[in-house]
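Before any comments, here is the structure.
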Amino acid sequence: MKVKLQINGQEYNPEISDKNLTLLSYLRETLGLTAAKRGCDDGSCGACTVIINGKAKRSCMAKMIDLEGAQITTLESLSTDESIHAIQYSYIKHGAVQCGFCTPGFIMSTKALLDRNNDPDVDEIKRALQPNICRCTGYVKIIEAVEDAASLIKSGKVKVKRDNIYPQISNPFGKSVPRVDAIAKATGELKYADDLFFKNMLHAKVLRSEVPHAEILGIDIKEALRVKGVVKILTSQDIPGKNAFGLIIDDQPVLADKKVRYTGDAVAAVYAETEKAAEEAVLKIRVKYKLLPVLGTMEEALKNNAVLIHNNGKSTNNASHMESGRGDIIAGFKSSDLIFEGEYRTQFIEHAYLEPESGTAVLEKDGRITIYVGSQGPEDDIKQIALALNMKPEDIHIAHMPVGGGFGGKEDISVHIIAALGALKTGRPVKYTYTRRESIRTSGKRNAQILKYKTGVKKDGKITAVKADILADGGAYASAEEAVILRSVSFAAGPYTIENADVKADAVYTNNNPTCAMRGFGNPPVTFAAEVQLNRIAEKLNIDPFDIRLRNILTEGLPTLTGERIKSSVGAKACLLAVKEALGLAEKPKTRPGWKVGIGIASSYKNVGLGIGMEDYGGAYGEVSDDGYLILRVGSVDMGQGSDTAMAQIASETLGWPYSKIVVQSADSDRDPHAGMTTASRQTFVSGNAVKYMAFNLKEKIFNYIRDRYNLKGRELLIKDDAFYEKGSPEPIITLDNFSLRLKKEGIKISNEYRYTAPKTYFSLKEPPGGYDPGKDRLHAAYCFSAQAVMLEVNEKTGRVNVLKVISASDTGRPVNPAAVEGQMEGGVMMGIGYALSEEFKIKNGKIITASYGRLGLQRIKQTPEIQCILVENPHADGPYGAKGMGELPLSAVAPAVVSAIHDALGIWLTSIPVTPNKIIKAIAGK
């Protein structure tokens, strides 16, 4: 049937042969309008929102056959080459754009709201945007952007010229300038991996295990090969290299051969002319299994008679073990006045980035493979891909694409090898995009932990001993779990000086999803346990929660849990005092009938950089272009945290080049300098330093050229107002544009490259009895610190919790971009609220229960509390202009603060998260 409709003012009359064809698919695949994003395919996320007949609608749920006569508006219609819409401008101005994947949907929902009501209050804004999920921003800046857009539109300012958006300044460090990629994201012009379409492209789909644990007895692909459009079906026998991948241990098969260990295991890959044909073929593959016992819990996996998930030479299912500590733990407990013990449990968490994993692999004419994919670690990807394909690493090119959120989950291989294998075997481009359900089924999670704490304290609250035993569910494969539990044992006691400590952690193989890096990287579970434990002790001793923390707080030169004496930028005390002061000034929430109000506090700290003796480096390259711009190339990956912008600000500050005339290119493995994995809040520190030193050297090269050409030997020069000046002279020597043209005319390229390596660190988890050798206590190059207070209300009958206000203080060193730092803090707070109250990836006996995006318990805009961000400036001696990373930490202290606030309200202690209404009701009943 034919359907007549109007899209962005243009008439279309397509023939619809598939009654299930959605508007989203038609927009993206037929018309090439890719601003609307495919995030969930079930209406849960709102990333695909467009306006249909004046109302915001999710295009993934709108069938083309139902759109006869419809008038449709997409994000593409709001901007031109010269200007953008006031809504887009306000999102950019207020920092409401981070990874950008959700942004088109939010902007279209905002436009539908303001078209019918140009003066909405906050409640109306929240109601209108409730169908849209943002995993990055924490919603605060989105609300501010909508309010500002409404004001602009009411004043008649509907369009804003693009030329007026970026400030013409050369000293942007410490200023809240718009992000370098914000216009491209707010207009939908930025292309993510799934937005690419190649000529003659095949689509890949994968058959995944139907069972969580079994031996494979046979795979039958005969019927699947008969499906029209199928080009190739591959199994483990077709892998030319090693059938394994993994970040630390390569123990996960590309395509399972003898055994499956969780329901995300790939068994066979189908390559077809269309996604539909590939999906049909997958359903026709038959696999014969011999079922094995399912080890769905850590307790089951550790039983003496448990079947071994891996035949790796170990006699148990223990995946990895880590220890930390110092002093004499027995003596520490003997000297205490109170010994307090507690057991705590945390849950699996899905990363839930808005962008499902996607990539396209192309076999080049020279035999190299190019993979267009968004990843947190192109270098690590290449090593694993090359191993599986039996290729040299230099023959693999990661053509890096923008990342629509990562949070650690895109450190691991996902679509890469399957797409590359298909390209290698067929000679054609192969695109592989996970459905949201496949992403949830396949990807790694934040680990679930059981934490047993024993703490000794004096009557005055001084901690004398901390003993912790941690059990972490590592899932079916190793991923980064060894490194995750290393961080757990490093920070298990919180930001306090500890005289005597003994901490042990074990990760256990189970038949659950692998567990991997996630924002906080082993820190949030131990912060929850340690901080709730400390608040319970404070109650026992009748000591104020602030006072017990200040009694033990870390400062420069005092030993940590591992015995390190941190020498620079220890902001733990400053953060705690800032929160205490803000809390004292805050208006206390009013109580409602049936509701109780509570306040809770917590602190945390975390590493900046890889540390533990690993080389921690970043590279930067700068070049003057022909048109007056500075091309800045770095290896860091911007996945929404704003690293590209931070690099541009550091370069501009150092060189004096206008911020508006810097173009950042990042993380392409062929083109850009390398910088390792974007993880551990490290890129501002390592890549930022690389940019600073590169820009300093480049400035000297440029100035020497100017001095030579204009007979200014020995003169001091500077850049301002888009021109070169001699210091003290009002007349410019030459403009940047003319300088670039002169270089081009002379055939000269001025460039510089610099590789920065962070200060040396050591694998110093356990302080020896005699202490470390001088300097060898340094576990990490730097640390970030935070403290938080939560105000909330709890309904005594229903157990429902409303978080009303969060005060969050973060020691950021010197903030490169305050608005971006606040955005990270607000996003971390909302993720922390979800961790505390609602989020959980549920799996039972190896079978996933929360299989769709809408069932993960993600926080939405209506749940956004007031968030007060306090930036504690504590410059680090080794950071670029004193800066250091902080993107992960803001979520860690939220959960213990929430639990402590619930206790303050109701008098009950809850020791497992998420704290659901049912848990609260049961705790009240058992009080």
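Counted from 1, the sequence shown has number 594 at position 278 by this note's numbering; the numbering is strictly sequential.
Every residue gets a Cβ at the ideal spot worked out from N, C-alpha and C, and that includes glycine.
Setting aside the 5 residues that flank it on each side, Leu394 is surrounded in the same chain by Ile400, His401, Ile403, Gln404, Ile423, Lys427, Thr503, each with a C-beta closer than 8 angstroms to its C-beta; the list follows chain order.
Judged by pairs of C-beta atoms under 8 angstroms, the region 729-739 does not touch the region 979-992, as fewer than three such pairs exist. Phe664 sits in coil when the DSSP states are folded into three classes, being neither helix nor strand. Our two residues, Glu798 and Ala617, have alpha carbons roughly 17 angstroms apart in a direct line.
Within the region 923-1003, complete alpha helix (DSSP H) segments of at least 4 residues are found at 959-971, given in chain order. Distance check between Pro436 and each of Ile459, Thr419, Tyr1021 places Ile459 closest, using alpha-carbon atoms only.
Of Ser486, Asp776, Ser885, the smallest CA-CA separation from Asp1194 is found for Ser885. Distances from the alpha-carbon of Leu948 to those of Ala1006, Ile701, Arg998, Pro556 put Ala1006 closest. With a threshold of 16 other beta carbon atoms within 10 Å, Asp1093 meets it and is buried. Ala833 carries a coil assignment under DSSP once its states are collapsed to helix, strand and coil.
For Cys1100, the uninterrupted beta strand (DSSP E) segment begins and ends at 1098-1111. Lys353 is bridged by DSSP to nothing; it lacks a bridge partner.
Listed as beta-bridge partners of Thr771 by DSSP are Phe656, Val782.
Contact between Leu533 and Lys604 holds: their C-beta atoms lie close to 4 angstroms from each other, under 8 angstroms. Its chain contains Thr813 as the residues whose beta carbon lies nearer than 6 angstroms to that of Leu874, once the 5 sequence neighbours on both sides are disregarded; these appear in chain order. Note that the C-beta distance between Asn1190 and Asp1127 is below 7 angstroms.
Following the DSSP letters along the chain, one finds Val474 in no alpha helix (DSSP H), marked with neither H nor E. Note that the region 930-940 does not touch the region 691-708; fewer than 3 beta-carbon pairs, one per stretch, sit closer than 8 angstroms. With a threshold of 16 other beta carbon atoms within 10 Å, Ile928 meets it and is buried. Your pair Leu787 and Met614 checks out as a contact, with CB atoms roughly 5 angstroms apart and the cut at 8 angstroms. When Cys418, Asp439, Tyr407, Ile323 are compared, the shortest CA-CA separation from Lys1178 is found for Asp439. Within 10 angstroms of the beta-carbon of Ser471 lie fewer than 16 other beta-carbons, which makes it exposed.
Rounded to whole angstroms, the Cβ separation of Ile1022 and Leu1033 is 6 angstroms, and the two are in contact under 8 angstroms. Taking Ala372 as reference, the option from Asp431, Thr350, Ala1105 with the minimal CA-CA separation is Asp431.
For Val603, the enclosing beta strand (DSSP E) covers residues 602-607. Here the alpha carbon of Gly958 sits roughly 11 angstroms from the alpha carbon of Gly416. Counting C-beta pairs closer than 8 angstroms gives three or more between the region 845-855 and the region 1204-1223, which meets the contact rule. Taking Leu506 as reference, the option from Tyr1026, Gly690, Gly790 with the minimal CA-CA separation is Gly690. Considered as a whole, the region 495-557 harbours 498-503, 538-541 as its complete alpha helix (DSSP H) runs of no fewer than 4 residues, in chain order.
Beta-bridge partners assigned by DSSP to Pro875: Arg881. Nearest Cα to Tyr793 within the set Lys1243, Gly810, Asn627: Asn627.
DSSP places Arg374 in the uninterrupted beta strand (DSSP E) bounded by 371-374. Beta-bridge pairing by DSSP links Phe422 to no other residue. A residue is called buried when at least 16 other Cβ atoms come within 10 angstroms of its Cβ; Asp567 meets this threshold and is buried.
Residue Leu892 holds the alpha-carbon nearest to the alpha-carbon of Ser920 among Tyr660, Ala902, Leu899, Leu892. Assignment of beta-bridge partners to Arg642 by DSSP yields Ala817.
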